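Novice:
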Amino acid sequence: MDTISAEKRSRNMSRIKGRDTQPEKTVRSLLHSMGFRFRLHVKSLPGKPDIVLPRHKSVIFVHGCFWHGHPGCRRASIPTTRTDFWTAKISGNRQRDEHALAALEKLGYRCLVVWQCQLRDKAALRRRLATFLNSEDPPESALPN
Ligand SMILES: [Zn+2]
Numbered sequence: 002m003d004t005i006s007a008e009k010r011s012r013n014m015s016r017i018k019g020r021d022t023q024p025e026k027t028v029r030s031l032l033h034s035m036g037f038r039f040r041l042h043v044k045s046l047p048g049k050p051d052i053v054l055p056r057h058k059s060v061i062f063v064h065g066c067f068w069h070g071h072p073g074c075r076r077a078s079i080p081t082t083r084t085d086f087w088t089a090k091i092s093g094n095r096q097r098d099e100h101a102l103a104a105l106e107k108l109g110y111r112c113l114v115v116w117q118c119q120l121r122d123k124a125a126l127r128r129r130l131a132t133f134l135n136s137e138d139p140p141e142s143a144l145p146n
């Protein structure tokens with residue numbers, strides 16, 4: 002097992018604070034209403050996925066647009082103060098996300114990223130979840146724009 006650097010630990014801590022956020026609850030209740038069974042925050046998997054569907058060998062991450070740097074999203078704009086700090090912070094988060102997705106796919110998991118700004122259109126989200134979980138095809142791109 003790797004030694005966890007102080008930096009990484011503090012990032013892990015900040016991630017723990019983000020548990021059970023409203024966006025995550027929205028996706029969970031939608032999945033529940035669709036009849037899917039899932040587990041939460043599985044620590045044994047890379048990136049500790051927010052939602053794991055063991056029967057589908059699938060994971061879902063619900064990402065805040067700012068913290069995870071949603072490309073092209075207006076919610077992801079970097080603050081005009083301490084710009085360097087935020088740029089480094091967010092790009093670190095993005096890198097960590099990409100590594101986790103790559104590691105999960107290597108383990109045979111299908112991955113879906115749901116962005117916070119995509120939660121407003123519930124009907125579209127529901128369709129997307131259904132397509133993702135009912136499809137036996139190769140996984141949808143893990144990092145949709
Ligand atoms: Zn967004």
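The opening position of the sequence shown corresponds to residue 2 in this note's numbering, with each subsequent residue numbered one higher. Cβ atoms here follow ideal geometry from the backbone N, Cα and C, with glycine treated the same way. Predicted model, so just to flag it, every value in this text is computed and none were measured.
#1: Under three-state DSSP, which class holds K46?
#2: How many angstroms separate the CA atom of T84 from the CA atom of L31?
#3: Just mark R111 as buried or exposed, buried being the case when its beta carbon has 16 or more other beta carbons within 10 Å.
#4: With a threshold of 6 Å, establish whether the CB of H71 neighbours any heavy atom of ligand 1.
#5: What are the complete alpha helix (DSSP H) segments, minimum 4 residues, inside the region 73-122?
#6: So what does DSSP say about F37, is it helix, strand or coil?
#7: Rounded to a whole number of angstroms, what is the C-alpha to C-alpha distance between T22 and G48?
#8: If we count Cβ pairs, one from each stretch, closer than 8 Å, do we get three or more for the region 51-62 versus the region 111-125?
#9: By how many angstroms is the C-alpha of K90 removed from the C-alpha of K123?
#10: On the three-state DSSP scale, how would you describe A7?
#11: In whole angstroms, what separates the C-alpha of V43 from that of R75?
#12: For V28, which option in R127, R95, S136 has the closest C-alpha, if you only look at C-alpha atoms?
#13: With respect to the beta strand (DSSP E) encompassing F62, which residues constitute its N-terminal and C-terminal limits?
Specialist: Concretely, from the data shown:
#1: Position check: residue 46 holds Leu in this sequence, whereas Lys was assumed. The answer is coil: DSSP assigns L46 none of H, G, I, E or B.
#2: 36 Å
#3: buried
#4: yes
#5: 84-107
#6: coil
#7: 17 Å
#8: yes
#9: 30 Å
#10: A caution first: A7 carries a pLDDT of 49, below 50, which makes its placement in the model unreliable, though a value can still be read off. Looking at A7 - three-state DSSP - the assignment turns out to be helix.
#11: 30 Å
#12: R127
#13: 59-64
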